[in-house]
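Chains as they are written, first to last, in our numbering: chain A, 83 to 312; chain B, 3 to 219.
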């Protein structure tokens with residue numbers, strides 16, 4: 083399905099917000115859209131950069147892998163960019179993006195993206211600030227990894243999920259999307275067993291409730307207070 | 003390179019220059035961001051204090067490089083500290099002037115975006131250094147970062163301009179100083195490095211870059 087920037091209602095999207103009206107049809111002309119089923123790979127670490135992706139709908143995880151060990155470094159949803167980590171001198175994607183659920187992702191070829199950035203200075207300025215925030219987030223993660231206890235890491239993982247996807251619109255304590263337990267361990271940077279124990283301990287303290295695969299948060303204030311990522 | 007001529011004159015008038023001694027704190031983690039710094043001459047290190055009160059060197063910067071850009075986020079607070087390694091001259095540009103410059107000079111805006119993209123990639127590579135399997139990879143990566151930050155002391159002989167103590171290099175590589183020295187000796191044996199008196203030279207740049215997993219520029 084063709085997605086047009088000029089009629090798009092994704093108002094948080096950088097292109098919608100910061101590109102001039104003249105540029106939107108031009109981007110739309112070159113933009114393509116793809117449907118990815120849950121578990122499908124959008125791009126893989128090591129692939130040469132062909133362009134920038136934007137999530138139209140769905141949820142995506144961005145992972146780095148070291149041998150068989152996978153670490154989730156970002157969770158993203160609609161209106162967010164993917165593949166920007168590959169821009170730079172090397173022009174290779176350093177990370178892999180995988181759909182967490184059925185997702186529609188648009189693709190803008192890299193030369194079109196560059197031309198849009200060059201022609202729209204506010205877009206370039208906001209992209210710079212976006213990268214600055216990503217850099218800060220990456221280094222906060224780096225700062226914490228060494229010093230945190232398992233339970234604290236799991237709290238950080240839960241807050242990462244809450245900040246990325248929020249709560250259900252019809253049930254405001256139930257996570258809008260609960261990743262698999264394996265993925266929660268990958269976000270926390272712990273083993274599966276350690277993460278299961280930490281979730282159990284939080285449940286025992288009435289901070290969360292595990293309802294099958296889903297997680298309900300009973301004490302958000304506790305999680306916010308003990309999330310050492312901030 | 004990236005500013006329009008009118009804006010170059012504007013920058014010339016709005017920037018201020020500072021002459022700093024070695025080991026001088028340029029800014030500290032937790033301080034409010036007042037502007038951006040450009041290292042006109044000299045060398046600096048950027049440090050991240052961990053919860054464990056351990057300090058990691060996360061970046062080395064040489065002449066012509068930008069410092070303080072990590073503070074540009076919603077909070078506008080420096081997440082890291084920067085110190086000079088030797089006598090340095092630093093130019094500072096206030097936040098207001100810098101933002102004005104980036105907004106008005108498209109090429110500068112694109113350059114800054116790409117610069118941040120590279121910094122993000124480097125930062126994550128530094129993070130992954132702890133996950134690297136061998137001391138050889140860690141030492142090669144550290145040497146590549148030193149060369150890319152400071153350049154060679156002599157381009158013809160490829161003499162490495164360390165500008166930082168072996169102890170600090172070992173901290174950057176996240177291995178002990180003994181391990182670092184032992185690996186340097188192995189690199190000499192294998193013909194990757196050469197040593198003359200106290201100086202180290204890169205003998206096989208391709209082998210070093212391949213071990214480091216990054217290009218040497």
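Virtual Cβ for every residue (Gly too), placed ideally from N, Cα, C.
Nearest residue (CA-CA) to residue 114 of chain A, options A:101, A:307, A:191 and A:273: Counted from its first residue, the first chain places residue 114 of chain A at position 32. That would be A:191, whose Cα lies nearest to the Cα of residue 114 of chain A.
Going along the segment 67-101 of chain B in order, which residues come within less than 9 Å of chain A, judged by CB to CB distance? Against chain A - using a Cβ distance shorter than 9 Å - the residues of the segment 67-101 of chain B are 71, 72, 73, 74, 75, 76, 77, 81, 82 and 101.
Which residues of chain B have a Cβ atom closer than 9 Å to the Cβ of residue 220 of chain A, listed in chain order? For the purposes of this step, residue 220 of chain A is taken as the residue at position 138 of the first chain. Chain B residues near residue 220 of chain A: 122, 125, 126 and 129.
Residue 169 of chain B: which of B:162, B:163, B:161 and B:178 sits nearest, CA to CA? Against the second chain, residue 169 of chain B aligns to sequence position 167. Of B:162, B:163, B:161 and B:178, the smallest CA-CA separation from residue 169 of chain B is found for B:178.
The segment 268-275 of chain A contacting the segment 26-46 of chain B, beta-carbon criterion three pairs below 8 Å: No, the segment 268-275 of chain A does not touch the segment 26-46 of chain B.
Report the residues of the segment 203-215 of chain A with a CB closer than 8 Å to any CB of chain B, ordered along the chain. Of all residues in the segment 203-215 of chain A, 203, 204, 206, 207, 209, 210, 211, 213, 214 and 215 have a Cβ within less than 8 Å of some Cβ in chain B.
Can you give the Cα-Cα distance for residue 117 of chain B and residue 155 of chain B, rounded to whole angstroms? Here residue 117 of chain B refers to the residue found at position 115 when the second chain is read from its first residue. Here residue 155 of chain B refers to the residue found at position 153 when the second chain is read from its first residue. Spanning the two alpha carbons is a distance of roughly 24 Å.
Straight-line Cα distance separating residue 60 of chain B from residue 110 of chain B: Translated into the one-based positions of the second chain, residue 110 of chain B becomes position 108. Translated into the one-based positions of the second chain, residue 60 of chain B becomes position 58. Roughly 25 Å between the two C-alpha positions.
Whole-angstrom distance between residue 221 of chain A and residue 181 of chain B, CA atom to CA atom: As a first step, residue 181 of chain B is located in the second chain; it is residue number 179 there, counting from the start. As a first step, residue 221 of chain A is located in the first chain; it is residue number 139 there, counting from the start. If I take the Cα positions, the gap works out to 26 Å.
Whose Cβ in chain B lies nearer than 7 Å to the Cβ of residue 308 of chain A? Working through the first chain from its first residue, we reach residue 308 of chain A at position 226. Within chain B, no residue has its CB atom less than 7 Å from the CB of residue 308 of chain A, the nearest being about 14 Å off.
Across which residues does DSSP place residue 59 of chain B in a beta bridge pair? As a position in the second chain, residue 59 of chain B is number 57, starting the count at 1. The partner list for residue 59 of chain B (beta bridge, DSSP) reads B:49.
Do you know offhand how far residue 203 of chain A's Cα is from residue 213 of chain A's? As a working mapping, residue 203 of chain A is identified with position 121 in the first chain. As a working mapping, residue 213 of chain A is identified with position 131 in the first chain. Looking at the backbone, the Cα of residue 203 of chain A and that of residue 213 of chain A are separated by about 15 Å.
Proximity test, Cβ basis, 8 Å: residue 166 of chain A and chain B: For the purposes of this step, residue 166 of chain A is identified with residue 84 of the first chain, where counting begins at 1. Contact with chain B is found for residue 166 of chain A, since one of that chain's Cβ atoms lies less than 8 Å from the residue's Cβ.
Under a three-way DSSP split, which group does residue 216 of chain B fall into? As a working note, residue 216 of chain B is residue 214 in the second chain. Correct three-state label for residue 216 of chain B: coil.
Exposed or buried, which one is residue 73 of chain B when buried takes at least 16 other CB atoms within 10 Å? In the second chain, counting from the first residue as 1, residue 73 of chain B sits at position 71. Flag for residue 73 of chain B reads buried.
If we define contact as Cβ-Cβ less than 8 Å, is residue 50 of chain B a contact residue for chain A? If you number the second chain from 1, residue 50 of chain B lands on position 48. Interface residue, yes.
Can you tell me which of the three DSSP states residue 259 of chain A falls into? Taking the first chain and counting its residues from 1, the one referred to as residue 259 of chain A is at position 177. Residue state, collapsed to three classes: coil.
Express the C-alpha separation of residue 92 of chain B and residue 71 of chain B in angstroms, rounding to a whole number. The residue given as residue 71 of chain B occupies position 69 in the second chain. The residue given as residue 92 of chain B occupies position 90 in the second chain. The straight-line gap from Cα to Cα measures roughly 14 Å.
Interface residues of chain B facing residue 75 of chain A [CB-CB closer than 8 Å]: An answer regarding residue 75 of chain A cannot be provided, because it is not within the stretch 83 to 312 covered by chain A.
Using 8 Å as the limit for Cβ to Cβ distance, is residue 208 of chain B near chain A? For the purposes of this step, residue 208 of chain B is identified with residue 206 of the second chain, where counting begins at 1. Not flagged as an interface residue toward chain A: residue 208 of chain B, since no C-beta distance is shorter than 8 Å.
Relative to the C-alpha of residue 153 of chain A, which residue among A:299, A:239 and A:285 is closest? Mapped onto the first chain, residue 153 of chain A falls at position 71. Nearest in C-alpha terms to residue 153 of chain A, of all of A:299, A:239 and A:285, is A:239.
For residue 167 of chain B, does the count of other Cβ atoms within 10 angstroms reach 16, so buried, or fall short, so exposed? The count along the second chain starts at 1 and reaches residue 167 of chain B at position 165. Exposed is the call here.
Quick one: list the residues of chain B neighbouring residue 176 of chain A, beta-carbon separation under 7 Å, in chain order. Your numbering for residue 176 of chain A matches position 94 in the first chain. What residue 176 of chain A touches in chain B: 123 and 126.
Residue 98 of chain A lies in the beta strand (DSSP E); which residues open and close that run? Here residue 98 of chain A corresponds to residue number 16 of the first chain, with the count starting at 1. Taken as a continuous stretch (DSSP letters only), residue 98 of chain A belongs to no beta strand (DSSP E), being part of the alpha helix (DSSP H) at 96-100.
Let's test the definition: count the other Cβ atoms within 10 Å of the Cβ of residue 105 of chain A and tell me whether it reaches 16, buried, or not, exposed. The residue labelled residue 105 of chain A in the question sits at position 23 within the first chain. With 16 or more other Cβ atoms within 10 Å, it is buried.
Comparing the C-beta of residue 169 of chain A with each C-beta of chain B, is any distance below 8 Å? Here residue 169 of chain A refers to the residue found at position 87 of the first chain. Yes, because at least one Cβ of chain B sits closer than 8 Å to the Cβ of residue 169 of chain A.
Tell me whether the beta-carbon of residue 187 of chain A lies closer than 8 Å to the beta-carbon of residue 138 of chain A. Indexing the first chain from 1 puts residue 187 of chain A at position 105. Indexing the first chain from 1 puts residue 138 of chain A at position 56. Less than 8 Å divides the Cβ of residue 187 of chain A from the Cβ of residue 138 of chain A.
Range covered by the alpha helix (DSSP H) that runs through residue 275 of chain A: Here residue 275 of chain A corresponds to residue number 193 of the first chain, with the count starting at 1. Taken as a continuous stretch (DSSP letters only), the alpha helix (DSSP H) holding residue 275 of chain A covers 274-286.
Determine the chain A residues that contact residue 108 of chain B at a beta-carbon separation under 7 Å, and present them in chain order. Along the second chain, read from residue 1 onward, the residue named residue 108 of chain B stands at position 106. Under a criterion of Cβ atoms nearer than 7 Å, the residues of chain A adjacent to residue 108 of chain B are, in order, 200, 203 and 206.
Within 8 Å, strictly: CB atoms of residue 150 of chain B and residue 219 of chain B: Within the second chain, the letter at position 148 stands for residue 150 of chain B. Within the second chain, the letter at position 217 stands for residue 219 of chain B. The answer is yes: Cβ separation under 8 Å.
What do you reckon, are the CB atoms on residue 161 of chain A and residue 112 of chain A nearer than 8 Å? Here the question's residue 161 of chain A lines up with position 79 in the first chain. Here the question's residue 112 of chain A lines up with position 30 in the first chain. In this structure, residue 112 of chain A does not lie closer than 8 Å to residue 161 of chain A by Cβ.
Take the Cβ of residue 173 of chain A as the centre, count every other Cβ of all protein chains shown within 10 Å, and call the residue buried at 16 or more, exposed below. For the purposes of this step, residue 173 of chain A is taken as the residue at position 91 of the first chain. With fewer than 16 Cβ atoms within 10 Å of its Cβ, residue 173 of chain A is classed as exposed.
If you compare alpha carbons, which of A:129, A:120 and A:281 is closest to residue 184 of chain A? Numbered from 1 along the first chain, position 102 holds the residue referred to as residue 184 of chain A. Ranking A:129, A:120 and A:281 by Cα distance to residue 184 of chain A puts A:120 first.
Cβ of residue 104 of chain B less than 8 Å from any chain A Cβ? Here residue 104 of chain B is taken as the residue at index 102 of the second chain, counted from 1. Interface residue, yes.
Count the other CB atoms, across all protein chains shown, that sit within 10 Å of the CB of residue 172 of chain B; report buried if there are 16 or more and exposed otherwise. Translated into the one-based positions of the second chain, residue 172 of chain B becomes position 170. When all chains shown are included, residue 172 of chain B counts as buried.
So residue 49 of chain B and residue 83 of chain B are supposed to be a Cβ contact under 8 Å. How far apart are they, rounded? Residue numbering aside, residue 49 of chain B sits at position 47 when the second chain is read from its first letter. Residue numbering aside, residue 83 of chain B sits at position 81 when the second chain is read from its first letter. Between residue 49 of chain B and residue 83 of chain B a beta carbon distance of about 5 Å is seen, short of the 8 Å cut, so the two are scored as contacting.
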